[in-house]
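Data block below; observations after.
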Amino acid sequence: MIRSEIIRDIAPILRDQLVVCNIGLPSQELHLIDDQASTFYMLGTMGLSSSIGLGVALAQQKTVISIDGDGSVLTNLGTLPTIANNVADNFILLIIDNGSYGSTGDQPTYAGKKTSLTAVARACGCENVIECKAEDTGDVLQSAIDNKIMTVIVSKCESGNIKVPVITKDPVVIRDRFMTEVARLNE
Amino acid sequence: MSVSKKIVTDFVANGIEFVTTVPCKQLGGVIDAVEKEPSIYHIPSNKEDEGMGLCAGAFMGGKRPAIIMQNTAIGVTINTLVTLTQFYRMPLPMLISYRGELKEPVACQVEMAVHTKALLNQLNIPTYHFHKPGDEQELDAILKYTFMCNKPVAILTDATFWGGY
């Protein structure tokens, strides 16, 4: 399975949750497959999906899922100690780990070589880290949502991309409709 | 009331409940005051761009954020400031220690100091400079201005303002 197939698989689960989606192809794929006002699409700023998601989770009650990539987590590795030390049980970090920088032409990342992001997350102090196969992502994600315990999921999948259009929505529109959903869900 | 306490009192009066910090020696007192303030969630970050991501999330989650950092961070955060904070039009008060100004003992700090205002100016970031004791009286108005216009706003605080090192 490749990332877009995982996203297609989990889209029905994501639909009812607050989602922060990583820059580039992950956001473009989710936007194409099932655009929701409750998804915050990152149009830039590689690496910050987990930080933005943690911020949203700490500021309100509803479950927040940050969809991240191995390359993006490597860009902002400092995020893992921050997550570990600021436990938000409504926060799930889903790292789709295809061992490559998908949006820039599938250059290999170190996570596809000797570095295990699962081990790194545990070493940083994250207490509930689950590594799973791509096809199990939906089940693992659903139980993380149901368990209401902060969870880091590392979903191992194959490298590869589908052709998707860029997101042309205005950033302020994306932000405003996301904030409207946050307020509605917290009523 | 100490300057640090006055700053945190203004934060609280302006509804700021989420503050991220990357330490600087000059900001030690204000970081301590943030940590002690029960109405503020203090979340230290490992790098300032990470902190700006946390602040963006907190803002969208319904809490007013602020970041406390050194001016060297301007070099770290330009991409985040323009593609996240400014692009999505989010407010962010940035309380910044202006290292490398008068009374600075460390020569390397001057290298970033000479670029600080030029970079902030290039980024169209409203910038205020606390140079003399008492300049903090303007903080309340600056915070109101920041949340009125939904922009990142810089408050530079130098060694003369803080009374040396």
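As given, the protein sequences belong to chains A and B, one line each in that order.
Those letters in the first sequence? Residues 1 to 187, per my numbering, in order.
Those letters in the second sequence? Residues 1001 to 1165, per my numbering, in order.
Beta carbons: idealized from backbone N, C-alpha and C, even for Gly.
Keep in mind that this is a model prediction, so the values were computed, not measured.
TODO: With a cut-off of 8 Å on the beta carbons, I'd call Leu-1156 (chain B) and His-1129 (chain B) a contact; round off their distance for me.
DONE: By one-based count along the second sequence, residue 1156 (chain B) stands at place 156. By one-based count along the second sequence, residue 1129 (chain B) stands at place 129. Contact holds; Cβ gap of about 5 Å.
Distance, Cα to Cα, Ile-153 (chain A) vs Ile-13 (chain A)? The residue labelled residue 153 (chain A) in the question sits at position 153 within the first sequence. The residue labelled residue 13 (chain A) in the question sits at position 13 within the first sequence. One C-alpha to the other measures close to 15 Å.
Next item on the list: Look at Ile-6 (chain A) and Cys-132 (chain A) and say whether their C-beta atoms are less than 7 Å apart.
Entry: On the first sequence, position 6 is the one that residue 6 (chain A) refers to. On the first sequence, position 132 is the one that residue 132 (chain A) refers to. The answer is no: Cβ separation not under 7 Å.
(request) Determine whether the Cβ of Thr-1072 (chain B) lies closer than 7 Å to any Cβ atom of chain A. (result) In the second sequence, the residue the question calls residue 1072 (chain B) occupies position 72. False, the Cβ-Cβ gap to chain A never drops below 7 Å.
Check whether the Cβ of Met-1001 (chain B) lies closer than 7 Å to any Cβ atom in chain A. Position 1 of the second sequence, counted from the start, is the residue given in the question as residue 1001 (chain B). So, not an interface residue.
- Query: Does DSSP put Leu-18 (chain A) in a helix, a strand or coil?
  - Reply: Within the first sequence, numbered from 1, the residue matching residue 18 (chain A) stands at position 18. Here Leu-18 (chain A) sits in strand by DSSP.
(request) Please state if the CB of Cys-1055 (chain B) and the CB of Asn-1044 (chain B) are separated by a distance shorter than 7 Å. (result) For the purposes of this step, residue 1044 (chain B) is identified with residue 44 of the second sequence, where counting begins at 1. For the purposes of this step, residue 1055 (chain B) is identified with residue 55 of the second sequence, where counting begins at 1. According to the sequence as given, residue 1044 (chain B) is Pro; it is not Asn. Contact flag unset, no.
Check: What in chain A is Cβ-close to Asn-1079 (chain B), meaning under 8 Å?
Finding: By one-based count along the second sequence, residue 1079 (chain B) stands at place 79. Per Cβ cutoff of 8 Å: Gly-44, Thr-45.
| task | Measuring alpha carbon to alpha carbon, tell me which of B:Gly-1028, B:Val-1022, B:Glu-1017 ends up nearest Ala-1159 (chain B). | result | The count along the second sequence starts at 1 and reaches residue 1159 (chain B) at position 159. Out of B:Gly-1028, B:Val-1022, B:Glu-1017, B:Gly-1028 has the C-alpha closest to the C-alpha of Ala-1159 (chain B).
- DSSP beta-bridge partners of Gly-69 (chain A): Here residue 69 (chain A) refers to the residue found at position 69 of the first sequence. Looking at the DSSP assignment, Gly-69 (chain A) forms a beta bridge with A:Ile-96.
Checklist entry - Taking the alpha-carbon positions, what's the Met-46 (chain A) to Ala-144 (chain A) distance? => result Against the first sequence, residue 46 (chain A) aligns to sequence position 46. Against the first sequence, residue 144 (chain A) aligns to sequence position 144. Distance between the alpha carbons of Met-46 (chain A) and Ala-144 (chain A): 25 Å.
Problem set entry | Identified DSSP bridge partners for His-1129 (chain B) | Residue mapping note: residue 1129 (chain B) aligns to position 129 of the second sequence, counting from 1. DSSP, once it has assigned bridges, lists B:Leu-1156 as partnering His-1129 (chain B).
Query raised in the report: What did DSSP end up calling Gln-61 (chain A) once you bin it into helix, strand or coil?
Result: As a first step, residue 61 (chain A) is located in the first sequence; it is residue number 61 there, counting from the start. Three-state result, Gln-61 (chain A): coil.
Quick one: Cα of Glu-181 (chain A) to Cα of Val-129 (chain A), how far?
-> Here residue 181 (chain A) refers to the residue found at position 181 of the first sequence. Here residue 129 (chain A) refers to the residue found at position 129 of the first sequence. Cα to Cα, Glu-181 (chain A) sits roughly 28 Å from Val-129 (chain A).
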